[in-house]
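So the sequence shown is numbered by UniProt numbering: it starts at 1 and just counts up by one.
Note that beta-carbon positions come from the ideal geometry of N, C-alpha and C, so glycine has one too.
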Amino acid sequence: MPESSPPPAVTASTSLTAPGSQIHLQEEKKSLVEAVEEEFDDYEALPENASLTASLVAGAFAGIMEHTVMYPVDAIKTRMQVAKTANIYSGIVNAVTKISSTEGAASLWRGIGSVIVGAGPAHAVYFGVYEIVKNRLGGNADHHHHPIVTSIAGASATTTSDALMNPFDVIKQRMQLYGKHYKTFTRCAIDVYRKEGLSAFYVSYPTTLIMNVPFTAVNFTVYESTSKILNPKKRHDPLVHCVAGGIAGASAAAITTPLDVIKTLLQTRGYDASTSNVNSFYTGAKHIYNTAGMKGFWRGLRPRIVSNMPSTAICWTSYEIGKFYINKSQQQNQKSTF
Numbered sequence: 001m002p003e004s005s006p007p008p009a010v011t012a013s014t015s016l017t018a019p020g021s022q023i024h025l026q027e028e029k030k031s032l033v034e035a036v037e038e039e040f041d042d043y044e045a046l047p048e049n050a051s052l053t054a055s056l057v058a059g060a061f062a063g064i065m066e067h068t069v070m071y072p073v074d075a076i077k078t079r080m081q082v083a084k085t086a087n088i089y090s091g092i093v094n095a096v097t098k099i100s101s102t103e104g105a106a107s108l109w110r111g112i113g114s115v116i117v118g119a120g121p122a123h124a125v126y127f128g129v130y131e132i133v134k135n136r137l138g139g140n141a142d143h144h145h146h147p148i149v150t151s152i153a154g155a156s157a158t159t160t161s162d163a164l165m166n167p168f169d170v171i172k173q174r175m176q177l178y179g180k181h182y183k184t185f186t187r188c189a190i191d192v193y194r195k196e197g198l199s200a201f202y203v204s205y206p207t208t209l210i211m212n213v214p215f216t217a218v219n220f221t222v223y224e225s226t227s228k229i230l231n232p233k234k235r236h237d238p239l240v241h242c243v244a245g246g247i248a249g250a251s252a253a254a255i256t257t258p259l260d261v262i263k264t265l266l267q268t269r270g271y272d273a274s275t276s277n278v279n280s281f282y283t284g285a286k287h288i289y290n291t292a293g294m295k296g297f298w299r300g301l302r303p304r305i306v307s308n309m310p311s312t313a314i315c316w317t318s319y320e321i322g323k324f325y326i327n328k329s330q331q332q333n334q335k336s337t338f
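Quick look at the structure:
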């Protein structure tokens with residue numbers, strides 16, 4: 001009778017790694033967790049190289065949301081910046097009360113039609129240019145922070161979008177002051193064109209760039225930096241987008257308030273007879289200093305921050321959410337075609 005071969009020796013390493021063993025189960029569990037986390041990160045991660053269409057659509061949506069939600073506070077800021085006296089309103093609540101009681105609450109929304117029409121296309125261009133320039137300069141090449149690239153991309157974006165938005169902004173501020181004289185923003189535009197010519201829509205453009213280039217550089221850089229700290233894995237987190245956007249908006253608004261006061265003066269010249277000859281950044285700054293001193297450059301600081309902080313938070317959150325879901329939808333459509 002042939003001898004049966006002895007059973008294979010069972011070593012400690014074999015028994016520990018054999019199917020069903022404790023270490024084998026732990027390794028399987030670890031692999032499963034890593035696979036789930038990888039899939040989760042892939043689903044939740046913000047699309048670094050989102051398509052241009054996603055950036056344009058998301059940008060348009062973000063722009064309209066940003067400018068409409070806090071519009072009444074922006075109207076108060078405009079009035080405070082062109083007022084002859086600095087104490088025309090004791091605060092934002094006092095301003096709302098006075099304006100509502102004398103002109104009606106609806107007066108705080110005059111000119112919003114101009115903003116809705118202009119903000120969509122302007123912000124589509126704004127975020128589209130930002131994403132293109134940032135990508136071309138290598139800002140999306142890795143997960144590292146690139147503040148210089150972000151600043152350059154932001155400055156390029158605002159230079160382009162302001163050329164489109166400036167006329168609508170002029171109409172908006174004219175209606176915030178003279179709104180009762182016009183039933184629609186188109187009538188306001190026609191009246192400005194007939195009386196002052198096409199140049200009236202762009203007299204503040206150089207000043208707008210002087211203001212918005214640093215504003216956008218600070219806005220984008222602070223947003224990207226704060227997001228990097230609060231969300232290092234770059235997962236889709238609306239709360240982080242909102243907080244980072246609010247901090248960025250408040251910082252940029254506070255720093256550029258003096259430039260915004262000059263811009264408002266140029267865009268509403270003629271509201272006071274003494275400002276009819278103000279036609280440049282220099283003459284605007286000189287007029288403010290001569291009539292109100294250095295304090296005049298900080299008029300409207302509080303409502304400007306109150307307006308920009310939530311509106312910028314809304315803008316960034318709307319943009320990131322829109323870009324995220326539009327891009328994911330496009331990816332799913334591409335997968336379904338294969």
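Closest option to G154, judged by alpha-carbon separation, among T216, S161, I288: T216. Collapsing the DSSP output to three states places D162 in a helix.
In the structure shown, the three-state DSSP call for A141 is coil. Within the model, the alpha-carbon separation for Y205 versus A124 is close to 19 Å. The criterion of a C-beta distance shorter than 7 Å is not satisfied by S156 and Y126. Taking the Cα positions, L301 is about 46 Å away from Q332. Under the three-state reduction of DSSP, S280 is assigned to coil, being neither helix nor strand. Assignment of D272 by DSSP, reduced to helix, strand and coil, places it in the coil class.
Where S101 is concerned, the enclosing alpha helix (DSSP H) starts and stops at 92-103. Straight across, the Cα-Cα distance linking N135 with A141 is about 7 Å.
In the three-state scheme derived from DSSP, where H, G and I count as helix and E and B as strand, H146 is classed as coil. Classified as buried, H67 has 16 or more neighbouring CB atoms from the shown chains inside 10 Å of its CB. The Cβ atoms of M309 and K263 lie no closer than 7 Å to each other.
Excluding sequence positions up to five before and after I305, its CB lies within less than 7 Å of the CB of A250, A253, A254, all in the same chain and listed in chain order.
Within the same chain, and ignoring the five residues on either side of P167 in sequence, the residues whose Cβ sits closer than 8 Å to its Cβ are G118, A189, F201, Y202.
Sequence-distant partners of S199 (beyond 5 residues in either direction) whose C-beta falls short of 7 Å from its own C-beta are missing from its chain. When C-alpha distances from C242 are compared across T158, I112, S311, the shortest belongs to S311. Residue state for I88 is assigned as coil, using DSSP reduced to three classes. In the structure shown, the three-state DSSP call for V203 is coil. Of the residues Q81, I229, I76, the one whose Cα lies closest to the Cα of V93 is I76.
Counted as a single uninterrupted DSSP element, the alpha helix (DSSP H) harbouring K263 occupies residues 257-267. Pairing Q81 with R299 gives a Cβ-Cβ distance under 7 Å. Short of 6 Å from the beta carbon of D237, and not among the five residues preceding or following it, lie these beta carbons of its own chain, in chain order: N231.
Residue burial is scored here from C-beta neighbours: Y223 has at least 16 other C-beta atoms within 10 angstroms and is therefore classed as buried.
DSSP places S107 outside any alpha helix (DSSP H), giving it a letter other than H or E.
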